[in-house]
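Residue numbers (the working numbering), protein chains in the order written: chain A, 1 to 455; chain B, 456 to 910.
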């Protein structure tokens, strides 16, 4: 038995260490599916102290750790490819504390997003972050990646709702950060450093999150002729509605979605579609859209008149990722400011001409500038190696366009393994250097999530 | 001429350096009025590069800098007491950029809060942070102190609206942080470090801030018999209204306010008062409060029926600070979670019995747990030295209670000089040590705001 396994055996009982091949594969990868999983073992701590023990051990005897949540990431941030010990948080899955006056809930890292959503609902409250992966993503991972999702246009990123964290730093210290307070300016807010650091600075053990009043969600699906109309509609709705989400689907994206959905698409054909959620009265949504039609009479639209119909309408946006998965698309999760979306869109269309073998399938959270630029390889693209080479070229070109338009190459899915080369080449040297020094402070021996983000 | 002044003369023209005694006093202090101002000079940069030059010079020839905004702080964070060079940002006061689709405005650090508020209004938008000091506080200072104010219960702290910063670090590097994006997970969000760091890590040169749709503000003033009813009302309103602010005034606070206001107080006497702002229809506010009266019939209330009346009602809360200023109160800006406010309140009442010479005047942003615990020294308290000693004792006792209830000794006014002893003694050693290491990274020679916060 390896000395690392022997030492882990002193912390964890047998049922809390897995080393079978199938488990190593299962826990060694996320949804990127392009990195070969090769962890040494998986351990399942039950409490903060066990997390601390394994981090301290890693510092003492020199192994590396991949913190692991629901592994729903798309950037390889949770992949273990080099004999690391995966620290899965899935058995730390209790909702520890809740107060209705404070509207604060304290969750262990392994609580599923969907579990928290249901819990909030049972208290007549609402967890403001809406993720497609709610059924499998975990709160710890959400915090570690500063999750965004569909409703960031209204509620911002998860960072905005984190009021406290318990973290084990890479140095093995337990840090209690934040105090569940909305107003707290007692020194630097070091808690912010861990949010979105993708498990490279510390392991999130629990998070205290603020919940909100449940919105009164009204849903509409609209079809528009030109991309500029989409942005006009967005500005118009910003002025007149309380937008919860403003999701974009290209015609190509809806065409793909049709593969997953047996019923007919409820609108006549258009070039661009918007799935809109408004918080308020259906009457208001109707009135505002009625006004919009007088400006843009060629808009087609359908408003959900029941909860069932709202779910059906939203499925057209939600199932796109699943619909294209089998084609193994090149996925680029990027963001630009809404005001440059139009120019960015034009550049993407030009790029699509240069890569005629690839089909551009564009969708995403356009209300916050976050586009999911997906490219499907054509069947005629030829040899595997050619496709792979083209994929790399195309990805670089997309990222270059993002940089040209002042955007972010990682909007909501983080950097992980996938984007780290581009991260360091596209970020100011002084900022990269600072970030690395911060990592050295918190994880001096580099035991946490090796090879990810800046390392 | 001192070598420092001679060197500054090479960067700044004569009209951009002040050394007259009256100027040194004016720019050397904030609103705490208890630290003797003694800066060496005041300089007024006009651009980021001039800020960088003065920081680099400080590193080269060894002087220290106090970054300076509107100096409306109450913790001494902007006081210059030891021959520092004050870098006043007041001449960098342009609104540089605005986009209506992005709802982003980029302001230089010296823009007044009120100027930004008016600018937002002119664009039919709204700056969500509402500060009593809006007429004199500046955006740079607001960011450096992570300003809170009346509407944090709805909009959170300023941190939530910062989408980009230009900062000159203590090492003299210009850092462009954030990209005006709502979703951006490209590496660690180092921008967060500077927000609320009180000028100890870098000098904020400009900030890109997000604006929101203007709320439809409805105002009510309510009187209640018991403190617990205040909290019940808060929970009730959270459930049924969109609360913009939920401000508390004790009977003693309203009694003080009456000194400033010639008209009669519009409610019958009660023990506790709440000034409430709701975003929505007046009708909704009326209906919700009507329901509340059926539960708590001894509540008295008045709803503003005009903008004028709303201003008049709000003045009862706003003028409390001014009304008590001449008594030189001990001011404790603290926060606890709303759920422990009741127990904290009881402890404060007990403490008031122990310090019978002092009058407790309690008010603040109770909706976010932030209480301004003010104590007025009695006229009979005796000798200056006794008062001063008692003041220290009383302050320590308040902070101890805050710690006991898991709260923050600095809620919205920061640590500055005033609370640094208590900050380090009440914070985990590992966190203090980390914070100091972060400061060493960004300001290796300790040139920025010496003696403040952790130093």
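Yeah, the Cβ is synthetic: ideal placement off N, Cα and C, and Gly gets one too. All values derive from a computational prediction rather than experimental measurement.
Residue i CB to nearest chain A CB: under 9 angstroms?
i: residue 637 of chain B; result: yes
i: residue 567 of chain B; result: no
i: residue 715 of chain B; result: no
i: residue 555 of chain B; result: yes
i: residue 703 of chain B; result: no
i: residue 641 of chain B; result: yes
i: residue 729 of chain B; result: no
i: residue 585 of chain B; result: no
i: residue 508 of chain B; result: no
i: residue 864 of chain B; result: yes
i: residue 868 of chain B; result: yes
i: residue 882 of chain B; result: yes
So that I know if they touch, is there some Cβ in chain B lying closer than 9 angstroms to that of residue i?
i: residue 193 of chain A; result: yes
i: residue 337 of chain A; result: yes
i: residue 84 of chain A; result: no
i: residue 173 of chain A; result: yes
i: residue 242 of chain A; result: yes
i: residue 179 of chain A; result: yes
i: residue 11 of chain A; result: no
Taking the alpha-carbon positions, what's the residue i to residue j distance?
i: residue 120 of chain A; j: residue 546 of chain B; result: 48 angstroms
i: residue 358 of chain A; j: residue 526 of chain B; result: 58 angstroms
i: residue 166 of chain A; j: residue 331 of chain A; result: 33 angstroms
i: residue 430 of chain A; j: residue 218 of chain A; result: 46 angstroms
i: residue 512 of chain B; j: residue 463 of chain B; result: 8 angstroms
i: residue 893 of chain B; j: residue 163 of chain A; result: 21 angstroms
i: residue 773 of chain B; j: residue 779 of chain B; result: 12 angstroms
i: residue 474 of chain B; j: residue 507 of chain B; result: 21 angstroms
i: residue 629 of chain B; j: residue 503 of chain B; result: 8 angstroms
i: residue 375 of chain A; j: residue 863 of chain B; result: 50 angstroms
i: residue 821 of chain B; j: residue 480 of chain B; result: 35 angstroms
i: residue 300 of chain A; j: residue 648 of chain B; result: 46 angstroms
i: residue 859 of chain B; j: residue 808 of chain B; result: 19 angstroms
i: residue 819 of chain B; j: residue 784 of chain B; result: 15 angstroms
i: residue 466 of chain B; j: residue 505 of chain B; result: 7 angstroms
i: residue 271 of chain A; j: residue 286 of chain A; result: 23 angstroms
i: residue 29 of chain A; j: residue 373 of chain A; result: 23 angstroms
i: residue 538 of chain B; j: residue 496 of chain B; result: 8 angstroms
i: residue 398 of chain A; j: residue 348 of chain A; result: 8 angstroms
i: residue 109 of chain A; j: residue 143 of chain A; result: 9 angstroms
Are residue i and residue j closer than 9 angstroms when you measure CB to CB?
i: residue 257 of chain A; j: residue 315 of chain A; result: yes
i: residue 417 of chain A; j: residue 196 of chain A; result: no
i: residue 904 of chain B; j: residue 655 of chain B; result: yes
i: residue 411 of chain A; j: residue 445 of chain A; result: no
i: residue 43 of chain A; j: residue 86 of chain A; result: yes
i: residue 889 of chain B; j: residue 394 of chain A; result: no
i: residue 240 of chain A; j: residue 291 of chain A; result: yes
i: residue 758 of chain B; j: residue 744 of chain B; result: yes
i: residue 128 of chain A; j: residue 89 of chain A; result: no
i: residue 703 of chain B; j: residue 188 of chain A; result: no
i: residue 907 of chain B; j: residue 337 of chain A; result: no
i: residue 555 of chain B; j: residue 235 of chain A; result: yes
i: residue 402 of chain A; j: residue 334 of chain A; result: yes
i: residue 244 of chain A; j: residue 279 of chain A; result: yes
i: residue 146 of chain A; j: residue 157 of chain A; result: yes
i: residue 524 of chain B; j: residue 596 of chain B; result: yes
i: residue 682 of chain B; j: residue 797 of chain B; result: yes
*Could you tell me whether the stretch 408-422 of chain A touches the stretch 167-179 of chain A, using the rule of 3 or more Cβ pairs below 8 angstroms?*
No, because fewer than three Cβ pairs between the stretch 408-422 of chain A and the stretch 167-179 of chain A fall closer than 8 angstroms, the two stretches do not touch.
*Give, in chain order, every residue of the stretch 657-691 of chain B whose Cβ lies closer than 8 angstroms to some Cβ of chain A.*
Listed by position along the chain: 668, 686, 689 and 690.
_Segment contact, 8 angstroms Cβ cut-off, at least three pairs: the stretch 98-110 of chain A with the stretch 207-218 of chain A_ = By the C-beta criterion, the stretch 98-110 of chain A is judged to be in contact with the stretch 207-218 of chain A, since at least 3 inter-stretch pairs fall below 8 angstroms.
*Is there contact here, the stretch 587-596 of chain B with the stretch 678-696 of chain B, by at least three beta-carbon pairs under 8 angstroms?*
A contact between stretches requires three or more CB pairs, one per stretch, nearer than 8 angstroms, and the stretch 587-596 of chain B fails this requirement with the stretch 678-696 of chain B.
*What residues in the stretch 589-613 of chain B bring their beta carbon closer than 8 angstroms to a beta carbon of chain A?*
Listed by position, the residues of the stretch 589-613 of chain B near chain A (Cβ gap below 8 angstroms) are 600, 601, 603, 607, 608, 611 and 612.
*Between the stretch 125-132 of chain A and the stretch 174-184 of chain A, do at least 3 Cβ pairs fall closer than 8 angstroms?*
When Cβ pairs closer than 8 angstroms are counted between the two stretches, the stretch 125-132 of chain A is seen not to touch the stretch 174-184 of chain A, the count staying below three.
*Taking only beta carbons into account, state which residues of the stretch 359-393 of chain A come closer than 9 angstroms to chain B, listed in chain order.*
For the stretch 359-393 of chain A, which is checked against every Cβ of chain B, the residues closer than 9 angstroms are 365, 367, 368, 369 and 370.
*For the stretch 892-910 of chain B, which residues have a CB atom closer than 7 angstroms to at least one CB atom of chain A, in sequence order?*
Residues 892, 893, 896, 908 and 909.
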